[in-house]
Amino acid sequence: MNIGIITHYDVHNHGAVLQLTALKRVLKKLGHEAKALRFDKNYDFLGHDKKAKYSIGLGSVGIYLGYLRENGLSKTIYNFKKRRALRGFLSRYGIIGDYYSEAADVDLTIVGSDEVFALHTGPTPIFFGYAAPSRRVISYAGSFGPTVIEDIDRLNCRSFVAGGLRGMEALSVRDENSRSVVERLLGFSPKRVCDPVLLYGYEQELRGGNPMSGGKPYLLVYAYDARMNDPAETEAIRAYAKAHGLEVVSPGFFHSWADRNVDCDPEKLLLWFKHAQGVVTDTFHGTVMSIIAGTPMAVKTRDNANKILALLDEHGLADRRVVDFNSLDAVFGRAINWEKVNSAVVEHRNQSLNWLSEAIDGRKREKH
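Sequential numbering from 157 applies to the sequence shown in our numbering.
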């Protein structure tokens, strides 16, 4: 079967690339060919002025010059190299296919994973299956992210969202908020499945050696570069690292306060997670990568609490959450029962794989 994947395919984020790559590889194991289909994302809710940031042209020149002035040359160069590394990775593995409206011979469209149902930037029709290149559309591990039912009503998008979801043949979600939103919109509770990174596991890719071989042991920080820069947070993290003889390493995002910023492709990023002494993160995929790498983590939630807390709870890791980073000693001082964690991973992986297989074969038809 030829499958088209609709997800965030061109974002500045290793986690998004890893989840897309993972879904493609899982589908390959199931005997299907799959590629991400290109589309234009809607940014109407950001405001007209900010939309220029996402389209290269004369209108965006001022924005990028402002970025350079605000963030400095080192961060700008880092992000330029990062974008090149991510695009090179996607190209090397042939992950990106045609524009969705020009894609031919697509037997099935899968919407997801990641925050495909979120409305904070704008309403993108293809994320909800509208005008898909195949008659059959399902969603795997779709997420509303920070969007709650009240946001959908405030933005006058209830009919738009409900109509798209109702038209899907089978619907699964990644987190509790998304399950609740679907239940309130459509009147049934969709299956919660695991993120593609957990589904695939990257077991072979994680067998590589320490990318910092010969260097100091390190504490890995994984957070968007616009976050985790508050002096109270950074000083607490650095104090913990210094007390334990660790270097602070930030792979994937640039933080000027880190001892080392690492630019790497997504699979190399997994090795940085695997060989770290510990991970400090405030992201969903930072938590996921820590789990599959078997590395102790300390997780702070922000506007993403609804998806991270469920992830921690279902893997027996609720005590890895930190309110502030002054408690790192206490969190890292608690041992993780990795046998229990890995057992939960396998259980959720098997359930999710069964759901996906049945949905692809047409045996999973939801009652809307």
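Ideal Cβ placement from N, Cα and C applies to all residues, glycine included. Owing to the predicted nature of the structure, the values given are computational and were not obtained by experimental measurement.
Quick check: what's the CA-CA separation for residue i versus residue j?
{"i": "E389", "j": "R291", "result": "49 Å"}
{"i": "G319", "j": "A466", "result": "27 Å"}
{"i": "E325", "j": "G268", "result": "14 Å"}
{"i": "G365", "j": "F409", "result": "22 Å"}
{"i": "N158", "j": "G171", "result": "24 Å"}
{"i": "N460", "j": "T443", "result": "12 Å"}
{"i": "E189", "j": "D331", "result": "27 Å"}
{"i": "S369", "j": "V418", "result": "14 Å"}
{"i": "Q433", "j": "A454", "result": "11 Å"}
{"i": "K231", "j": "I393", "result": "20 Å"}
{"i": "D263", "j": "V293", "result": "9 Å"}
{"i": "T457", "j": "F481", "result": "11 Å"}
{"i": "T280", "j": "Q175", "result": "20 Å"}
{"i": "I219", "j": "V405", "result": "Since pLDDT at I219 reaches only 49, below the 50 mark, its modelled position is unreliable, and no value is offered."}
{"i": "Y249", "j": "G160", "result": "16 Å"}
{"i": "I162", "j": "M445", "result": "22 Å"}
{"i": "F284", "j": "L327", "result": "11 Å"}
{"i": "I492", "j": "S336", "result": "30 Å"}
{"i": "K197", "j": "A287", "result": "14 Å"}
{"i": "Y356", "j": "V501", "result": "11 Å"}
{"i": "R363", "j": "K372", "result": "20 Å"}
{"i": "L426", "j": "A399", "result": "25 Å"}
{"i": "S216", "j": "K191", "result": "Reliability of the predicted coordinates at S216 is poor, the pLDDT of 48 falling under 50, and the value obtained from them is presented with this limitation in mind. Rounded to the nearest angstrom, the two C-alpha atoms are 29 Å apart."}
{"i": "N169", "j": "A379", "result": "10 Å"}
{"i": "S247", "j": "I447", "result": "27 Å"}
{"i": "S499", "j": "S483", "result": "28 Å"}
{"i": "R340", "j": "I305", "result": "8 Å"}
{"i": "C420", "j": "P407", "result": "7 Å"}
{"i": "A515", "j": "S412", "result": "45 Å"}
{"i": "Q507", "j": "G228", "result": "47 Å"}
{"i": "G213", "j": "A259", "result": "For G213, the predicted model reports a pLDDT of 48, less than 50, meaning its position is unreliable and no value from the coordinates is stated."}
{"i": "V479", "j": "S257", "result": "45 Å"}
{"i": "R519", "j": "H504", "result": "20 Å"}
{"i": "E361", "j": "K430", "result": "10 Å"}
{"i": "R490", "j": "P452", "result": "9 Å"}
{"i": "G153", "j": "N333", "result": "Given that the chain is displayed from residue 157 to residue 524, the structure contains no residue 153 and the question cannot be resolved."}
{"i": "L376", "j": "P367", "result": "13 Å"}
{"i": "I101", "j": "Y374", "result": "It is not possible to answer for residue 101, since the shown part of the chain is limited to 157 through 524."}
{"i": "G450", "j": "E495", "result": "10 Å"}
{"i": "N462", "j": "D469", "result": "11 Å"}
{"i": "R477", "j": "V487", "result": "8 Å"}
{"i": "G472", "j": "E359", "result": "21 Å"}
{"i": "F195", "j": "V173", "result": "16 Å"}
{"i": "Y165", "j": "G401", "result": "38 Å"}
{"i": "V317", "j": "K237", "result": "37 Å"}
{"i": "V167", "j": "I282", "result": "17 Å"}
{"i": "L311", "j": "G203", "result": "14 Å"}
{"i": "V338", "j": "T303", "result": "12 Å"}
{"i": "I464", "j": "R314", "result": "25 Å"}
{"i": "P289", "j": "E391", "result": "51 Å"}
To the nearest whole angstrom, what separates the beta carbons of residue i and residue j, a pair I think is in contact under 8 Å?
{"i": "E403", "j": "D415", "result": "5 Å"}
{"i": "F201", "j": "L321", "result": "With a Cβ gap of about 19 Å, F201 and L321 do not count as contacting."}
{"i": "G301", "j": "V329", "result": "About 11 Å; that fails the 8 Å criterion."}
{"i": "I266", "j": "Y234", "result": "Actually they do not touch by this definition, with Cβ atoms about 33 Å apart."}
{"i": "D254", "j": "L193", "result": "6 Å"}
{"i": "Y396", "j": "D485", "result": "7 Å"}
{"i": "T177", "j": "I252", "result": "Not really, about 11 Å apart at Cβ, beyond 8 Å."}
{"i": "Y199", "j": "G323", "result": "The pair is not a contact, with the Cβ atoms about 24 Å apart (cut-off 8 Å)."}
DSSP beta-bridge partners for residue i?
{"i": "K191", "result": "G160"}
{"i": "L375", "result": "V404, G434"}
{"i": "Y255", "result": "R194"}
Mind checking if residue i is an interface residue toward chain B, Cβ cutoff 8 Å exclusive?
{"i": "T265", "result": "In the structure shown, chain B does not exist; there is a single protein chain."}
Beta carbon of residue i: closer than 7 Å to some heavy atom of the ligand SAH?
{"i": "D438", "result": "Only the bare structure without any ligand can be found here, which leaves the ligand SAH out of the picture."}
Contiguous beta strand (DSSP E) assignments of at least 3 residues, all confined to the segment 315 to 368: Qualifying beta strand (DSSP E) stretches, in chain order: 326 to 329.
field: the segment 369 to 389 touching the segment 435 to 444, judged by at least three CB pairs closer than 8 Å
entry: yes
message: Can you confirm whether the segment 225 to 243 touches the segment 253 to 273 when touching is taken to mean that 3 or more C-beta pairs between the two stretches lie within less than 8 Å?
response: Using a Cβ-Cβ distance cut-off of 8 Å, the segment 253 to 273 and the segment 225 to 243 are not in contact, since fewer than three pairs of beta carbons, one from each stretch, lie closer than that value.
task: Assess, as a yes-or-no matter, whether the segment 172 to 185 is touched by the segment 352 to 372 under the definition of 3 or more beta carbon pairs within less than 8 Å.
output: yes
- prompt: Would you call the segment 499 to 512 and the segment 332 to 350 in contact, with 3 or more CB pairs under 8 Å?
  reply: yes
- request: Quick one: which unbroken beta strand (DSSP E) runs of 3-plus residues sit fully inside the segment 265 to 310? Chain order, please.
  value: 293 to 298
message: Which complete beta strand (DSSP E) runs does the segment 392 to 423 hold, if anything under 3 residues is left out?
response: If only uninterrupted beta strand (DSSP E) runs of at least 3 residues are considered, those enclosed by the segment 392 to 423 are 403 to 407, 416 to 418.
Ranges of the beta strand (DSSP E) found wholly within the segment 450 to 522, counting only runs of at least 3: 453 to 455
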